[in-house]
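Residues in the sequence shown are numbered consecutively from 252, following this note's numbering. By construction, the Cβ of each residue, glycine as well, lies at the ideal position given by its N, Cα and C atoms. Here the structure is laid out as structure tokens; the discussion comes afterwards.
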Amino acid sequence: MQKKENFSLAYWEKMSEESDKDEQLKDQTTSDEDELDNDTFMKYVSEDLHRRALFTDATGDQSLPRTTQILLEYQLGRWVPRLREPRDLYGISSSGPLSQTRWPCHCEVVEEKIRHIDCAPSYPEPLYVSAGDELEPHYPDSTQGTVVYLGNDAYKDHRFMYSRIGGVRSLQKHAEILPVEDYDNTLIFEARFESGNLQKVVKVTDYEYQLTVRPDLFTSRHTQWYYFQVTNTQAGIPYRFTIVNFTKPDSLYSRGMRPLFYSEKEAKMNSIGWQRTGDQIKYYRNNIGLEGHQFFSLTWTFQFPYDKDTCYFAHCYPYTYASLQDYLLGITNDPLRSQYCKIRVLCHTLARNMVYVLTITTPLKNTESRKRKVVILTARVHPGETNSSWIMKGFLDYILGDSSDAQLLRDTFIFKVIPMLNPDGVIVGNYRCSLAGQDLNRCYTSVQKDSYPSVWYTRNMIHRLMEDREILLYCDLHGHSKKGNIFMYGCEDSDKDKELCLQQRIFPFMLSKNCPNKFSFSACKFDVQKSKEGTGRVVMWKMGIHNSFTMEATFCGSTLGNRRGTHFNTKDLESMGYHFCDSLLDYCDPDQTKYYQCMKELEELEMQQSGQSDKMHYDSDASFIDTALDLDSSSDESDISETSETSTFLKGTSQNKVRESEVIIPPNQESERKNAKNHRMNILELTGKQITIFSPFGEGPFFKKLHNQKLEFLEPYQIIVVAVDIVGLSFKLDQAIIH
252 MQKKENFSLA
262 YWEKMSEESD
272 KDEQLKDQTT
282 SDEDELDNDT
292 FMKYVSEDLH
302 RRALFTDATG
312 DQSLPRTTQI
322 LLEYQLGRWV
332 PRLREPRDLY
342 GISSSGPLSQ
352 TRWPCHCEVV
362 EEKIRHIDCA
372 PSYPEPLYVS
382 AGDELEPHYP
392 DSTQGTVVYL
402 GNDAYKDHRF
412 MYSRIGGVRS
422 LQKHAEILPV
432 EDYDNTLIFE
442 ARFESGNLQK
452 VVKVTDYEYQ
462 LTVRPDLFTS
472 RHTQWYYFQV
482 TNTQAGIPYR
492 FTIVNFTKPD
502 SLYSRGMRPL
512 FYSEKEAKMN
522 SIGWQRTGDQ
532 IKYYRNNIGL
542 EGHQFFSLTW
552 TFQFPYDKDT
562 CYFAHCYPYT
572 YASLQDYLLG
582 ITNDPLRSQY
592 CKIRVLCHTL
602 ARNMVYVLTI
612 TTPLKNTESR
622 KRKVVILTAR
632 VHPGETNSSW
642 IMKGFLDYIL
652 GDSSDAQLLR
662 DTFIFKVIPM
672 LNPDGVIVGN
682 YRCSLAGQDL
692 NRCYTSVQKD
702 SYPSVWYTRN
712 MIHRLMEDRE
722 ILLYCDLHGH
732 SKKGNIFMYG
742 CEDSDKDKEL
752 CLQQRIFPFM
762 LSKNCPNKFS
772 FSACKFDVQK
782 SKEGTGRVVM
792 WKMGIHNSFT
802 MEATFCGSTL
812 GNRRGTHFNT
822 KDLESMGYHF
832 CDSLLDYCDP
842 DQTKYYQCMK
852 ELEELEMQQS
862 GQSDKMHYDS
872 DASFIDTALD
882 LDSSSDESDI
892 SETSETSTFL
902 KGTSQNKVRE
912 SEVIIPPNQE
922 SERKNAKNHR
932 MNILELTGKQ
942 ITIFSPFGEG
952 PFFKKLHNQK
962 LEFLEPYQII
972 VVAVDIVGLS
982 FKLDQAIIH
């Protein structure tokens, strides 16, 4: 009998160990919003086990029921069974630890966990103003200099194979890092940490470094995101860094955006976090392109503030998978917030990392509350667009807060939130793709659940929700690499009712009212292109969600109001989460005064545009540099392509008679002409109207007829000449075309 009892205990201990392993591999889908912990039959477990003879001689029977949901705890000298907590259902446990991060099997990962303080500057950081004399380093000889950092080339593999927790720890197996003696002045580079991206570094001279960033894994494209560490610094010495393999011909770096810098000593001593920095910033075409490909370089100079510091450079404010898990763990451990925010696992990625879904609402108490409408927010389908995570954080901070408006929103709606759709891409430092080597925001129509699980399960979740509830609004958060400000892309059918088209513009219009110095309604687009049919925005719209949007946040800053010419920081991005909630309250306010006022203003705008079909209307606060030169992004951008929008712009001006003329900046702007270069421009023939020249240095109105005179402006900016009506209330772009 003693042997049988020992065997029984050993059996259950073994089964508990196996269930712990199974727990990490278990695949769960999202639960309903009112799913709560259910422990009602816990007290009956022991009795039921004995009734089923699980602790008797039947232990060795082949018909023994097996379960992974029973654990044994040793209490008061005996083993007591208990029901396992649904840890994988929730994704994270209040008792910890967090789910361990899984990497592709070939990825080398340093053991150090990178953490940064979140402390935004107390003042808006200005854009960089070009002096016109920035250097353009070229490196025609690939053997020039000394390689001081070289990552492996696993990104050239054809496809993802399998993952492992923590990646590869034998760091010197694939990566080559130049050993540095204490007396050497060589900088030490590192990027083998979460979201890091750096492929190769060449030391050209003592204080000049040529850098190459890694394409997205299992692709040869998308070199935009960079995030790396630098140590062994010397203070007060001007270093030059040049990244040589960007692929986009246009960049916000050409319009004043600065790289981001972080100093661990600065953070520790002065509580200063990420800050915009750099001088002699230049984005330009280089001569490194091979086989017909063309690359572009970003160069900047910088002086480190401290000796022997650990510093970081990044394209945008990092927000990693670990950052998200820390945030979610904080919610789980909060007895108040955890009551109305339930965290589930939507699915697992290719690398077996968890995709979390949050259900936020006041707990449902009666059948009437079952009528609540649903609002859906998603982010980080493109891993390099980290600004979307900061907007998401701002939204979650507000909606989970204790304000009366937040409580009203939770009482009124059910929020389904997926804060990180592509954790695999975030972990490995991709800019755009998943480990399938594909842009997930083109795969929402795909039936390949195993290849694109996060978007497949998202679409499936929304489809099931629509069977029972009305989806009021869907919004996918993104970042934009060419345009300024924050704006939205929506959907409309031009053949449908005009009133419905206006209604679909109301929510973005309200956002522009509530956040006039960050959100630009004039930059919003509502057309549906055939090439975008696989995006979340279009798929959800075709499923029947009328308010289906992509929110785009610039990597740079604002061109509006009192924030014109300044960068966005993390607090600016987080504030958009608040403004989103505020606009949602306005949109659904039982007192529909604001709603109908916005509808009236939109109708007036529509009448102005329809009455002047060959003219384009832009709001007077918007930057003409932004709206004309950035009519849309490239096909690599988040949710829109360039071809269609550019054609629309040209069609709007093609009926105007254009002749080649030139204009001169008035003499009182002599200070702006010091480094100017001559450029030509096609301009419509104008007569005696007030003209405004927009430049990175401001604007200067004057009256002048245009007759074969000269236009001068500073590179890399393009000045747009526009006519302003005599009362100065509206701007129109029909008088100027960039040639």
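Residue i, DSSP secondary structure in three states
i	result
TYR568	coil
MET991	For residue 991 there is no data in the structure shown, the boundaries of the chain being 252 and 990.
PHE738	strand
PRO556	coil
ALA371	coil
GLN526	strand
PRO489	strand
TYR495	The residue you asked about is not Tyr; residue 495 is Val in the sequence shown. Three-state DSSP puts VAL495 in a strand.
LYS733	coil
GLY808	strand
PHE232	Residue coverage of the chain in this structure runs from 252 to 990, which leaves residue 232 outside it and unanswerable.
GLN590	helix
MET932	Only weak support is given to the placement of MET932: the predicted model assigns it a pLDDT of 32, under 50, and the value that follows is read from those uncertain coordinates. Note: MET932 maps to strand in three-state DSSP.
Cut-off 8 Å between Cβ atoms - residues of its own chain near residue i, not counting five sequence neighbours on either side
i	result
TYR557	THR484, ALA486, SER514, LYS516, GLU517
GLU857	LYS749, LEU753
PHE469	TYR406, ASP408, HIS409, ARG410, PHE411, CYS684, LEU686, ALA687, GLY688
HIS714	MET794
Beta carbon of residue i nearer than 9 Å to that of residue j
i	j	result
ASP632	LEU659	The sequence shown places Val at residue 632, rather than the Asp named in the question. Their beta carbons are not under 9 Å apart, which means VAL632 does not touch LEU659 by this criterion.
ARG814	LYS769	yes
TYR477	HIS566	yes
PHE492	LEU511	no
GLY524	CYS370	yes
GLY529	THR552	yes
THR801	THR786	yes
SER446	ASN604	no
MET761	TYR838	yes
LEU579	LEU601	no
PRO765	THR810	Note on identity: in this sequence residue 765 is Asn, with Pro being the wrong assignment. No, the pair does not count as a contact, with Cβ atoms beyond the cut-off.
PRO704	HIS599	yes
ASP778	GLU743	yes
ILE722	VAL626	yes
THR817	PRO375	yes
TYR568	THR629	no
SER548	PRO388	yes
GLU359	VAL419	yes
CYS807	GLY383	no
Proximal residues to residue i (C-beta, below 6 Å), its chain only, five neighbours per side dropped
i	result
ARG1011	There is simply no residue 1011 to check, as the chain begins at 252 and stops at 990 in what is shown.
PRO614	none
MET791	TYR725, SER799
ASN919	Unreliable placement is indicated for ASN919, whose pLDDT of 38 sits below 50; the coordinate value is still reported in the next sentence. Once the five neighbours on either side are set aside, ASN919 has no close Cβ partner at all.
ASP290	Low per-residue confidence applies at ASP290: pLDDT is 39, beneath 50, and the placement is therefore not dependable, though the value from the model is reported in the following sentence. Nothing listed; no residue qualifies.
SER482	The residue you asked about is not Ser; residue 482 is Thr in the sequence shown. ILE439, THR561, listed in sequence order.
GLU385	GLN531, LYS533
TYR563	GLN480, TYR513
ALA304	Residue confidence is low: ALA304 scores 40 on pLDDT, short of 50, so the model does not pin down where it sits. No coordinate-derived value is stated.
Candidates the options: closest to residue i by CA position
i	options	result
HIS731	LYS793, HIS599, LEU322, LEU503	LEU503
GLN480	GLU441, LYS783, GLN590	GLU441
LEU835	PRO759, LYS364, ASN436, GLN590	PRO759
LEU824	GLN590, LYS644, SER381, THR482	LYS644
VAL606	ASP392, ALA804, ILE416, ILE669	ILE669
SER381	VAL398, HIS473, ILE532	ILE532
TYR829	ASP842, ILE650, ASN692	ILE650
ARG595	ASN681, TYR708, PHE664	TYR708
PHE666	ASP501, ILE611, ASP690	ILE611
MET739	ASP656, GLY812, MET827	MET827
SER763	ASN448, LYS454, GLY812	GLY812
LEU597	LYS700, ASP501, ASN538	LYS700
TRP435	ARG472, PRO841, PRO489, LYS559	One point to set straight first is that residue 435 is Asp, not Trp, in the sequence displayed. The candidate whose alpha carbon is nearest that of ASP435 is LYS559.
Spatial neighbours of residue i in its chain, beta-carbon cut-off 7 Å, leaving aside the 5 residues before and after
i	result
THR571	GLU445, SER446, VAL677
PRO355	PHE411, SER414, LEU468, ALA602, VAL679, LEU686
SER589	ILE582, THR583
Any non-hydrogen atom of the ligand PLP within 8 Å of residue i CB
i	result
GLY676	As presented, the structure is devoid of all ligands, the ligand PLP included, so that no description of it is given.
Next item on the list: Taking only runs that begin and end inside the region 748 to 799, name each unbroken beta strand (DSSP E) of 3 or more residues, in chain order.
Entry: none
Checklist line | Runs of alpha helix (DSSP H) lying entirely within the region 673 to 726, each at least 4 residues, in chain order | finding: 674 to 679, 704 to 719
Item checked: Ranges of the beta strand (DSSP E) found wholly within the region 583 to 642, counting only runs of at least 3 -> 592 to 599, 605 to 611, 624 to 630
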